[in-house]
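Below: one structure, written as structure tokens.
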Amino acid sequence: MKTFKIASQNSKADKMRISDSWFGALLAVPALIVVIVFILYPLSYNLYVGFFQHSLSSPDKFVGLGNYTDLLGDRLFWLGLKKSFIYMLGSTAFVFTIGLIQAHVLSRLGGKRGSTAYRLGTVVVWSIPLIIAGLFWASMFNEEIGIINYILDIIGTGAIPWQSDPNWALFSVIIADAWRRIPFMAVLVLAGLEGIPNELYEAAYIDGADKWDTFRNISLPMNRFAIMKGTVLSAMFSFRAVSVVFAMTMGGPYKGTYVEALYLFRNVYSYLKFGTAAAIGVYILLFICMFAGPVLIYLVKEGAT
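The sequence shown begins at 1 in UniProt numbering and counts up one residue at a time.
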């Protein structure tokens, strides 16, 4: 009789576990649908389009890897790739440095007077659409009426050809892109800083450490995952960015800001080369996976996501 009761209880427990498993799977269905509809399907369709030569006047022609191999011999493709890497490295460097400083300033302010307004201002900048940010900075960097050249004239350095010199134009779009992305980095790092116990800082100060020592030995090591996530995400966003460049320079002057994403944009909307554009999109994804993939895998292994 006792054996029968134990067997019955085990059977009920097994049924409950099966029921819980089905319930958990059911809860995951909406997320799975979102992944399929918004990620897997567009990605699969993009891969499919990349194997065809599309024309509005004739049926689609299957070209296999033709679009991909043609791009490898395309000067504009390599130019765009070069500009994208410079753009990404420059923007990410600014985002990393200033975002880190801003996060520590916000952390030090705590509940002091003005801290709420400062935090609000940070979030407001983050909420501005990239195309609007580009238009704003285009007016700031205007060679004739822009406030930046006006200030440079006042301090005696002279005006800078932001819109007519390729190198200065690239620098200006990097500044604009970084300005828009710095708040993201600051908020991410700030969240990590606020998770560090104050007792660690207090103990360090008692032992004679200064602010630089606590930053180097406590803040950075204990917040490294947040910093890594913010840096790699900023790099990914910058590498595929097009809105700021389109709003400020449209790739000029002399293709000085002709990033890869803008070349993709041109192939779609100016040249109607959908197969070529799809192939460019795949290359962009591959390059992002090459530099971001190892970092993201490391973060997942360390349980930092």
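Every residue, glycine too, gets a C-beta built ideally from N, C-alpha and C.
Start-to-end residues for the alpha helix (DSSP H) that takes in residue i
i, result
"Tyr-283", "274 to 301"
"Lys-229", "224 to 239"
"Gly-192", "166 to 193"
"Val-268", "260 to 269"
"residue 306", "It is not possible to answer for residue 306, since the shown part of the chain is limited to 1 through 305."
"Ala-204", "198 to 206"
"Leu-152", "147 to 155"
"Gly-66", "66 to 72"
"Met-248", "243 to 248"
Contact under 8 Å by Cβ, residue i with residue j
i, j, result
"Val-124", "Ala-176", "no"
"Ile-86", "Leu-170", "yes"
"Thr-116", "Ser-238", "no"
"Ala-247", "Arg-180", "no"
"Leu-193", "Ser-127", "no"
"Ile-174", "Gly-90", "yes"
"Asn-46", "Ala-278", "yes"
"Ser-234", "Val-95", "yes"
"Pro-253", "Ser-164", "yes"
"Leu-100", "Val-34", "no"
"Ala-297", "Met-236", "Strictly speaking, residue 297 in this sequence is Ile, with Ala absent from that position. For Ile-297 and Met-236, no; Cβs fall outside 8 Å."
"Phe-51", "Lys-61", "no"
"Tyr-118", "Leu-109", "yes"
"Asn-67", "Gly-275", "yes"
"Lys-122", "Val-63", "At residue 122 the sequence reads Thr, which differs from the Lys that was named. Cβ atoms of Thr-122 and Val-63: not closer than 8 Å."
"Asn-167", "Gly-293", "no"
"Val-242", "Phe-265", "yes"
"Gln-102", "Ile-182", "yes"
"Leu-56", "Leu-272", "yes"
"residue 389", "Trp-162", "The requested residue 389 is not part of the displayed model; the chain covers only 1 to 305."
Those residues which DSSP pairs with residue i across a bridge
i, result
"Lys-211", "Partner(s): none; Lys-211 has no beta bridge."
"Lys-61", "Gln-53"
Residue i at chain B interface by Cβ criterion, 8 Å
i, result
"Ile-227", "Here chain B cannot be found, since the structure has a single protein chain."
Of all the alpha helix (DSSP H) runs that stay within the bounds of the region 74 to 137, which reach a length of 4 or more residues? 75 to 109 and 115 to 127
Touching by the beta-carbon criterion (3+ pairs, under 8 Å), the region 257 to 274 and the region 70 to 79: yes
Taking 8 Å as the cut-off, does the region 212 to 229 touch the region 275 to 286 (at least 3 CB pairs, one atom from each stretch)? no
For the pair the region 183 to 203 and the region 67 to 74, tell me if three or more CB-CB distances fall below 8 Å. no
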